[in-house]
Every structure is written in C-alpha cells, then in structure tokens.
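Presented below is the structure to which this report refers.
2 protein chains.
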Amino acid sequence: MENTKEIKPHSLDECTKSILPVRDALEVLSGKWKLPIIISLMFGNKRFSQIAKEIPGITDKMLSKELRELESNDLVKRTVYDSIPVVVEYSLTEYGHSLKIVIKTLRDWGVAHRKRMMAPVE
Amino acid sequence: MENTKEIKPHSLDECTKSILPVRDALEVLSGKWKLPIIISLMFGNKRFSQIAKEIPGITDKMLSKELRELESNDLVKRTVYDSIPVVVEYSLTEYGHSLKIVIKTLRDWGVAHRKRMMAPVE
DNA sequence: GTAAGTAGTATACAAAAGGATAGTGGATTA
DNA sequence: TAATCCACTATCCTTTTGTATACTACTTAC
Numbered sequence: 001m002e003n004t005k006e007i008k009p010h011s012l013d014e015c016t017k018s019i020l021p022v023r024d025a026l027e028v029l030s031g032k033w034k035l036p037i038i039i040s041l042m043f044g045n046k047r048f049s050q051i052a053k054e055i056p057g058i059t060d061k062m063l064s065k066e067l068r069e070l071e072s073n074d075l076v077k078r079t080v081y082d083s084i085p086v087v088v089e090y091s092l093t094e095y096g097h098s099l100k101i102v103i104k105t106l107r108d109w110g111v112a113h114r115k116r117m118m119a120p121v122e
Numbered sequence: 123m124e125n126t127k128e129i130k131p132h133s134l135d136e137c138t139k140s141i142l143p144v145r146d147a148l149e150v151l152s153g154k155w156k157l158p159i160i161i162s163l164m165f166g167n168k169r170f171s172q173i174a175k176e177i178p179g180i181t182d183k184m185l186s187k188e189l190r191e192l193e194s195n196d197l198v199k200r201t202v203y204d205s206i207p208v209v210v211e212y213s214l215t216e217y218g219h220s221l222k223i224v225i226k227t228l229r230d231w232g233v234a235h236r237k238r239m240m241a242p243v244e
C-alpha cells in the first residue's frame, strides 16, 4: 500500500498538449495594443498615422512593433504605395477577420465578468 | 475644403467600449501559469502541492500568487480543512467552469493557427 | 535528532514589456 | 529657410512579470 496517491495520468500529458494552442491564441492577442489595432482595422483599412490617431496613448514605437508582429502572424497585410511621400496601408487579412469569433467570445464572457465583479456582494 | 479627413466617429467611442470587456477576459487568463492552473483544476479538486507537482516549472511563489488572483476573481475556491497538518483544497467554482467555452474557442483557433504557421509557404 | 510532508512567505534578482523623447530622410508648403 | 507630412527607428528609462533560493511553523515517521 505504498504509493497510492499517484497523479492521474490525464494531466501532465493531455493538459500540456491542450494548453499549447490556447497559449498560441492568447499570445496573438497579448500585450496592451494588439486588440485595439485589430479592432480598429476591422472597421477598415488604415495608414500608420491614422491608426496612431485612433488609438489614444500608443507611441509610434509600439504601433510599429505590434504591426510587425501582427504581420508576421498573417493577421495584417502591409501594402506600400509608391507615391510621394510614400504611403503605407494596413489591412486585416481574411485570416485576421477569423479572430472576430474569438474576440466575440472573449467580449461576451468579459461583459458578464464585469457585471459580476461590479455587483454588490451577496 | 479644409479638414475633410476626419476620423469616422465609430472608432474612438464604439471601439474603446467594446475593448474593455475583452481586456478583462484576457486579463483573467493572462500570465504564464493561470491557464495551466485552471485546466488542472478542471480535472478535479487539488491541494497546493498536488497542483505544484502537476505543473512542471512553477514555483511556490507563483502558484500562491496566481491562486490568490484566481480566488479574488471568484474563479477558484479555497477550502481549509482543520486536519493536522492543515490541508487546503482548491477547486474551480461554477463560474470558473464557465471559462470552458472561452478556452475551447481559444484552443480551436489556436489549433488552426498552429497548423497554418507550421505549413510550408504557399 | 533529523528528515519529510503540510502550505505557504521573504528577499533578491533577471528578463520582458512598455513609455518618453529625439532623430532619419525625402518632398512639399509658406 | 524653416516647418510639416509620411512612416518609421534609436536610445534610454521605468514598470511589470517571473525566477531562484532560502526560510517559517507545525507534526509525524524513522
């Protein structure tokens, strides 16, 4: 009767595997600014300075960095127009739009959470 | 013809409001360890040291801190048993279980994302 | 008496994320 | 000649997040 309290085999293996993709998804939305950028682009294509204007508080450095990350994840497309001065347009890819459902789920849960946390203690 | 390029009124207001609850939801899952803890507890109630064993790499300090945060968000319940030595049991609240759907959505998207990012460039 | 198991805390440190501020370079405008 | 627009980059600094390691207090087992 030694060693009866083993860990059920489920967790270490099953869990770890199921956590990885969730983390991937969270990482895509992580940080202070990715969400505002994505949602802003869901309303239409925009140029660098337009996005900056629409997101109060963001610095050029952050905007640039986040856009690069979003681009490297195929969520955002960067199009350079050879005008003078050069104009760069950012747009959500089709894949980027697939985040809509994810964001909606998060928002629905978040709305309920907000209500719950604001509510007086029972 | 001065000032034709105003920002459409949609964004600043509508967007900001819709972003807040999404951020709330993301915050609840944020950090390196909350997800593993939540998923571990979805498989059953556990004690402090059991959770620690099931999550390789986590330190006592982090586990303690994350559990306190989850508790303060009503997601995890902490029950102290007056045995000797004292035993503390952690469990997901009903509300904590409501995260299942959120995590599932994130996982589904994450699985597809993983495939896409692994796939050879077209 | 010392090790191990219960559930943590304390302190110091390292790494990552983010902010503030200034600068690049070509072209147009006043 | 200086200021402005465009889309950024560079540097330095602060804040947040996470890690490493040791320690607390109590009890049982060897």
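In the order they appear, the protein sequences are chains B and Y. Take the first sequence: its position 65, counting from 1, is numbered 65 in the working numbering, and each next residue is one higher. So the mapping is simple: the working numbering equals the position in the second sequence, first residue as 1, plus 122. Cβ atoms here follow ideal geometry from the backbone N, Cα and C, with glycine treated the same way.
Are any of the Cβ atoms in chain B nearer than 9 Å to that of residue i?
i: Y/V209; result: no
i: Y/V144; result: yes
i: Y/I225; result: yes
i: Y/E176; result: yes
i: Y/V150; result: yes
i: Y/S213; result: no
i: Y/R200; result: no
i: Y/I180; result: no
i: Y/I141; result: yes
i: Y/L221; result: yes
With 9 Å as the threshold, decide whether the Cβ of residue i is near any Cβ in chain Y.
i: B/Y81; result: no
i: B/G110; result: yes
i: B/N45; result: no
i: B/L35; result: yes
i: B/H113; result: yes
i: B/L63; result: no
i: B/D74; result: yes
i: B/L70; result: no
i: B/I84; result: no
i: B/L67; result: no
Nearest to residue i by alpha carbon, out of the options?
i: B/R114; options: Y/V144, Y/M240 and Y/V224; result: Y/V144
i: Y/K156; options: Y/L189, Y/F170 and Y/P207; result: Y/L189
i: Y/S140; options: B/M118, B/R116 and B/K100; result: B/K100
i: B/L92; options: B/V102, B/I84, B/I51 and B/K77; result: B/K77
i: Y/P178; options: B/D108, B/T16 and B/Q50; result: B/T16
i: B/F43; options: B/Y90, B/A112 and B/D24; result: B/Y90
i: B/L75; options: B/K65, B/I58 and B/E94; result: B/E94
Evaluate residue i with the Cβ neighbour count: other Cβ atoms within 10 Å of its Cβ, from every protein chain shown; 16 or more gives buried, anything less gives exposed.
i: B/D82; result: exposed
i: B/E54; result: buried
i: B/I84; result: exposed
i: Y/S171; result: exposed
i: Y/D182; result: exposed
Could you give the residue range of the beta strand (DSSP E) that holds residue i?
i: Y/V208; result: Careful: Y/V208 lies outside any beta strand (DSSP E) and carries neither H nor E.
Is the beta carbon of residue i sitting closer than 9 Å to the one on residue j?
i: B/G110; j: B/I38; result: no
i: Y/M106; j: B/N45; result: The structure shown does not extend to residue 106 of chain Y, since chain Y is modelled only from 123 through 244, so no value can be given for it.
i: Y/L151; j: B/L26; result: yes
i: B/A52; j: B/L63; result: yes
i: Y/T227; j: B/T105; result: yes
i: Y/V209; j: Y/R169; result: yes
i: B/S40; j: Y/A234; result: no
By the DSSP assignment, the alpha helix (DSSP H) with residue i in it spans what residues?
i: B/A112; result: L99 to M118
i: Y/M142; result: According to the sequence displayed, residue 142 of chain Y carries Leu and not Met. Taken as a continuous stretch (DSSP letters only), the alpha helix (DSSP H) holding Y/L142 covers T138 to L151.
i: B/P127; result: Outside the displayed range of chain B (1 to 122) lies residue 127 of chain B, so it cannot be described from this structure.
i: Y/L185; result: D182 to S194
i: Y/I173; result: F170 to E176
So is the beta-carbon of residue i under 8 Å away from any non-hydrogen atom of the ligand ATP?
i: B/E89; result: As presented, the structure is devoid of all ligands, the ligand ATP included, so that no description of it is given.
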